[in-house]
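Here the structure comes first, spelled out in C-alpha cells, and everything after it is commentary.
Residue numbers (this note's numbering): 34 to 385.
Okay, here's the thing in C-alpha cells:
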C-alpha cells in the first residue's frame, strides 16, 4: 500500500522518533470500520465476525479528533469489508473534517452500489483481486463476485476517472498459478496497477483465532514441488511482463516478487525466511473495529481505546512495545508478508 508523500518535517520527526523511540508523529493509521465481511476468503476469518462490538460513530469521531495532534495525515479504511458498515461515510466525514486523507481497502463487491460515496471521501482505492476466473474466485473468496468487482471498478471509473484504483492479490496454494492471468485481468478491468503478497499463515491477524483454528498453513502453504513451480512462474512473469514492471503497473520489483516463493520455501523448511526491513510500529498503527490497537497487522494488541485514550496507547504503550522489539530476530517479524518501510527519499509508507 502506498500513501501520499509526506512533508520533509514529518519525515524528520519520524526519523528522530525512530532514533529515540518516541512517537513525535504517527503518519498512518489503518482503521477497520467493521469486523464484518461479505466474503469468505480461505486466508481470512473476518467473515466469522458479527460486528456487534464495532466502535460507535461517537467513538470514531473522538479518535478522529485526537489524530491531528499525533501528526497523522492518512487513514486507510480496511477490515473486514468497510462498505458493509451502514454509516461508513459518516465515519469517513469525521476523519476528513480534521484534515485527514483517506484510502480504502475493499473487496470491491459493493463498489458499484457505493461508488459515489467512495469517490467523495477517498483519494485511492485498493481492490482485492485473487483470481481471474469466476470459478476460482468463488473457491478462493467464498462468493461468486468476480463480475461484481469488475462492474464496481467500471462504475468508480465512470464517477471519478482520476481516482487511483489498484488491485491487490494474495497468492497462496489455491491461486499462485494465476499470477500472469491476474496481471491480464487487472488490465482488463481497467485498474492502474496490481500488487502481490504471500498469505499470512499463522498469526492472529485478519480476524483469526489461531488457538482455535491452528492457523491457516495447511490450506495456504505450498509444498516443495509447488514452490519450484511458483519460482518458474515468477521468472516467466518477470520476462513476459518486463514492460509492466518497468512502468510500475506491477508494484513489486523483481526481487520483491521473488520473495513470495522464498517465503513459501521457508514455510516448507527449505531455508530461512527472506530478510525483513520494516519500521511499521514507528510510523503506523492498526485500530481494529472493536477498539483494539495493534503495532501492525500481525503483532498482538497493545490495548484498547475503550479503556485507554488513543494518545496514551500510541505514545506510551506503543513506545513500550517498540523498546522490546528486534525486527531482525522477532519470530512474528521474520514471517511477515506485509512489511512497511519508509525512508528519506522514498514515497512512503510503502507496504511490500
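Virtual Cβ for every residue (Gly too), placed ideally from N, Cα, C. Bear in mind the structure is a predicted one, so any value in this text is a computation, not a measurement.
Notebook entry, point to check: Is it right to say residue 195 is buried, meaning 16 or more other beta carbons lie within 10 angstroms of its own, or is it exposed?
Noted result: exposed
Notebook entry, point to check: Roughly how many angstroms lie between the CA atoms of residue 175 and residue 74, to the nearest whole one?
Noted result: 6 Å
Check: Using the rule of at least 16 other Cβ atoms within 10 Å of the residue's Cβ for burial, across every protein chain shown, is residue 244 buried or exposed?
Finding: Model confidence at residue 244 stands at a pLDDT of 36, short of 50, so the residue's coordinates are unreliable; what they give is reported in the following sentence. Classification of residue 244: exposed, given that the 10 Å Cβ count is below 16.
Item checked: Chain-order list of residues whose beta-carbon lies under 7 Å from that of residue 193 (same chain, five-residue window excluded) -> 152
Item checked: Best match in 87, 79, 361 for proximity to residue 140 [C-alpha to C-alpha] -> 79
Item checked: Sequence-distant residues of its chain with Cβ nearer than 6 Å to residue 63 (five each side left out) -> 109, 111, 319
Next item on the list: Rank 210, 309, 274 by C-alpha distance to the C-alpha of residue 263 and give the top, closest one.
Entry: 210
Item checked: Buried or exposed by the 16-neighbour rule on C-beta atoms within 10 Å, applied to residue 105 -> buried
Note to self: Just list the residues that DSSP pairs residue 229 with in beta bridges.
What the structure shows: 202
Note to self: Using a 10 Å radius around the Cβ and a threshold of 16 neighbouring Cβ atoms, would you call residue 180 buried or exposed?
What the structure shows: exposed
Margin query: Our contact map puts residue 185 next to residue 144 with C-beta atoms below 8 Å; I'd like the distance itself, whole angstroms only.
Written below: 3 Å
Checklist line | Residue nearest to residue 88 in terms of C-alpha spacing, selected from 321, 293, 276 | finding: 321
Note to self: Taking 8 Å as the limit between beta carbons, can you name the residues of its chain near residue 347, skipping five residues before and five after?
What the structure shows: 56, 59, 103, 318, 326
Check: Do the CB positions of residue 215 and residue 165 come within less than 8 Å of each other?
Finding: yes
Next item on the list: Please list, in chain order, all residues of the same chain as residue 341 whose beta carbon is under 8 Å from its beta carbon, the five residues on each side excluded.
Entry: 350
Notebook entry, point to check: How about the stretch 280-296 and the stretch 327-336: do they share at least three Cβ pairs that are nearer than 8 Å?
Noted result: no
Note to self: I need the DSSP call for residue 270, collapsed to helix, strand or coil.
What the structure shows: helix
Notebook entry, point to check: How many angstroms separate the CA atom of residue 301 from the CA atom of residue 370?
Noted result: 15 Å
Notebook entry, point to check: For residue 323, which residues of its own chain have a beta-carbon under 6 Å away from its beta-carbon, when the five flanking residues on both sides are left out?
Noted result: 86
Check: Which residue from 134, 142, 339, 337 puts its Cα closest to that of residue 187?
Finding: 142
Next item on the list: Starting from residue 319, follow its DSSP beta bridges and name the residues at the other end.
Entry: 63, 327
Margin query: If you reduce the DSSP assignment to three classes, tell me which class residue 368 lands in.
Written below: coil
Check: Can you name, in chain order, every residue of its own chain whose Cβ lies under 8 Å from the Cβ of residue 247, other than the five neighbours on each side?
Finding: Because residue 247 carries a pLDDT of 47, less than 50, the predicted location of this residue cannot be relied on, and the following value inherits that uncertainty. Nothing listed; no residue qualifies.
Next item on the list: Could you name the residues that DSSP lists as bridge partners for residue 136?
Entry: 109, 157
Next item on the list: Flag this pair as yes or no: are the beta carbons of residue 198 and residue 204 separated by less than 8 Å?
Entry: no
Next item on the list: Check the C-beta distance from residue 283 over to residue 274 and give it rounded, since I have them as a contact under 8 Å.
Entry: 6 Å
Margin query: In the DSSP output, which residue or residues are listed as bridge partners for residue 336?
Written below: 326
Note to self: Residues in the same chain with beta-carbon distance under 6 Å from residue 343, minus the five sequence neighbours each way, listed in chain order, please.
What the structure shows: 96, 99
Checklist line | Selected residue, minimal CA-CA separation from residue 66, among 84, 253, 77 | finding: 84
Check: In chain order, what residues of the same chain have a beta carbon less than 7 Å from the beta carbon of residue 123, not counting five sequence neighbours either side?
Finding: 90
Check: Can you tell which of 253, 182, 147 has its C-alpha closest to the C-alpha of residue 167?
Finding: 182
Next item on the list: Starting from the C-beta of residue 126, find all residues in its chain whose C-beta is less than 8 Å away, skip the five residues before and the five after it, and write them out in chain order.
Entry: 154
Item checked: Helix, strand or coil at residue 255 [DSSP, three-state] -> coil
Item checked: Same chain, Cβ closer than 7 Å to residue 208, neighbours up to 5 away in sequence not counted -> 163, 164, 169, 173
Margin query: Taking 8 Å as the threshold (C-beta atoms), are residue 131 and residue 101 in contact?
Written below: yes
Item checked: Delimiting residues of the alpha helix (DSSP H) encompassing residue 184 -> 179-192
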